[in-house]
Amino acid sequence: MTVLAPPRPPRAAEVRRGLSAPERRTRRRLVVRWVSIGVGLLLVAATPVVTSILASHALQEASAPPSLAEVSRLGQTQMTPAGMAYAQLHQQASFNLLHLPQPASELGMQENATVVLEPSAGGIQTTVVGPSGGVEAWASSIAATSERGDWVRLEVTEDALGFGDFTRLMQRVDVLAQMLDWRWSDRLADAAASAVAEGVRTGETTLVTVEGSDAFGVPTSGRIECTAQGACTLTTVFDVG
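Numbering (the UniProt record's numbering) for the sequence shown: 1 to 241.
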């Protein structure tokens with residue numbers, strides 16, 4: 001007796017050979033479509049995972065303690081690329097004036113240089129600690145100067161965006177004058193406001209110096225600078241050398 005094997009199902013290649021050209025094109029389009037949909041679904045599913053990994057990495061980087069290349073053991077923000085990048089990332093800077101004089105190397109600076117730290121956005125919350133207390137400022141610029149190997153000057157600048165904000169700036173001068181025992185009075189404040197208004201009217205820049213003292217434990221003074229458009233800054237100068 002002859003046993004007949006069941007018919008073998010046609011292979012995919014044979015099926016394809018049995019399709020007409022239009023049918024093969026339609027089949028390819030369907031395959032491509034479903035593969036594309038599958039890849040898209042995989043990407044959508046993977047996006048939250050990738051985002052979570054990146055966010056976790058960013059948080060770990062932001063919360064990591066500073067290295068000595070960024071902040072010294074004395075709490076000095078290093079005026080180096082690494083130190084300034086750390087200050088910009090965290091929007092914080094600190095300077096310790098308790099032990100003076102200090103070498104320029106304490107801030108990572110060369111013997112004769114002026115290094116300026118500016119925020120990448122907004123400002124930098126700056127803390128300066130001295131023998132008689134501390135000063136905090138939301139700084140738009142921080143400049144450190146060294147001469148002959150010593151750190152000699154720290155300048156912390158705050159912004160007033162326009163003449164309409166000049167009142168706030170003058171209030172800040174009042175606060176610092178009381179804290180640092182600057183030579184300041186209502187008469188001098190009125191004279192400064194008049195000088196700035198006149199500069200805006202005539203299209204000239206204005207510079208007002210505020211006589212300081214050493215009540216902070218180091219000599220300090222103030223400087224108000226305004227453009228012809230009335231955009232003003234207040235700089236607190238610490239003579240540390």
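We put the beta carbon where it would ideally sit given N, CA and C, even for glycine.
- prompt: How many angstroms separate the CA atom of glutamate 211 from the CA atom of valine 173?
  reply: Just so you know, the alpha carbons of glutamate 211 and valine 173 end up roughly 12 Å apart.
task: Could you tell me how far apart the beta carbons of residue 310 and threonine 235 are, in whole angstroms, since I believe they sit closer than 8 Å?
output: Since the displayed the chain opens at 1 and closes at 241, residue 310 lies outside it and no answer follows.
- request: Drop a sphere of 10 angstroms on the beta-carbon of valine 175, count the other beta-carbons inside from all chains shown, and report buried for 16 or more, exposed for fewer.
  value: Residue burial is scored here from C-beta neighbours: valine 175 has fewer than 16 other C-beta atoms within 10 angstroms and is therefore classed as exposed.
- prompt: For leucine 74 versus histidine 90, is the C-beta spacing smaller than 9 Å?
  reply: In this structure, leucine 74 sits away from histidine 90, with a CB-CB distance that is not shorter than 9 Å.
field: Contact check, glutamine 110 vs aspartate 150, beta carbons under 9 Å
entry: Not a contact, by the Cβ cut-off of 9 Å.
message: Under DSSP, the beta strand (DSSP E) around valine 116 begins and ends at which residues?
response: First-last of the beta strand (DSSP E) with valine 116: 113-117.
- prompt: With distances taken between CB atoms, is the gap from glutamine 76 to asparagine 96 smaller than 9 Å?
  reply: Cβ atoms of glutamine 76 and asparagine 96: closer than 9 Å.
- request: Helix, strand or coil for glycine 241, going by three-state DSSP, please let me know.
  value: In the structure shown, glycine 241 sits in coil (DSSP, three-state: anything other than H, G, I, E or B).
message: Pop quiz: arginine 153 and glycine 83 are said to be a contact at Cβ under 8 Å. What is the actual Cβ separation, rounded to whole angstroms?
response: Taking a contact as a CB-CB distance under 8 Å, the pair arginine 153 and glycine 83 does not count as one, their CB atoms being some 18 Å apart.
field: Backbone secondary structure at glutamate 158 - three-state DSSP
entry: DSSP, read as helix, strand or coil, puts glutamate 158 in strand.
- request: Taking only the alpha-carbon atoms, compute the straight-line gap between residue 257 and serine 132 and give it to the nearest angstrom.
  value: The requested residue 257 does not occur in the structure, where the chain is confined to residues 1 to 241.
Segments assigned alpha helix (DSSP H), at least 4 residues, entirely inside the segment 178-222: Counting whole runs of 4 or more residues, the segment 178-222 contains the alpha helix (DSSP H) stretches 186-202.
message: Need the endpoints of the alpha helix (DSSP H) that glycine 83 sits in, please.
response: Element bounds for glycine 83: 81-90.
- prompt: Taking DSSP as the reference, what is the three-state secondary structure of alanine 69?
  reply: In the structure shown, the three-state DSSP call for alanine 69 is coil.
message: Suppose contacts are defined by Cβ-Cβ distances below 9 Å. Is methionine 170 in contact with alanine 144 by that definition?
response: For methionine 170 and alanine 144, no; Cβs fall outside 9 Å.
message: Considering only their Cβ atoms, is the gap separating serine 141 from aspartate 181 smaller than 9 Å?
response: Cβ distance not < 9 Å, so aspartate 181 and serine 141 don't count as in contact.
field: Neighbour-count burial assignment, serine 120, 16 or more Cβ in a 10 Å radius
entry: Of the other Cβ atoms in all chains shown, fewer than 16 fall within 10 Å of the Cβ of serine 120; this residue is therefore exposed.
- request: Determine the extent of the beta strand (DSSP E) in which residue 274 is found, giving its start and end residues.
  value: This structure cannot settle anything about residue 274, because the visible part of the chain is limited to 1 through 241.
- prompt: How long is the line joining the alpha carbons of glycine 134 and phenylalanine 216, rounded to whole angstroms?
  reply: Approximately 8 Å between the Cα atoms of the pair.
Which of helix, strand or coil DSSP assigns to threonine 127: Threonine 127 carries a strand assignment under DSSP once its states are collapsed to helix, strand and coil.
field: For leucine 4, three-class secondary structure by DSSP
entry: Summary for leucine 4: the model assigns pLDDT 47, below 50, so the residue's position carries little reliability; its value from the coordinates is reported in the next sentence. Reduced to three states, the DSSP call for leucine 4 is coil.
- prompt: Closest by CA to alanine 93, which one among Ser105, Val71, Val218 and Thr114?
  reply: Distances from the CA of alanine 93 to each of Ser105, Val71, Val218 and Thr114 were compared; the closest alpha carbon is that of Val71.
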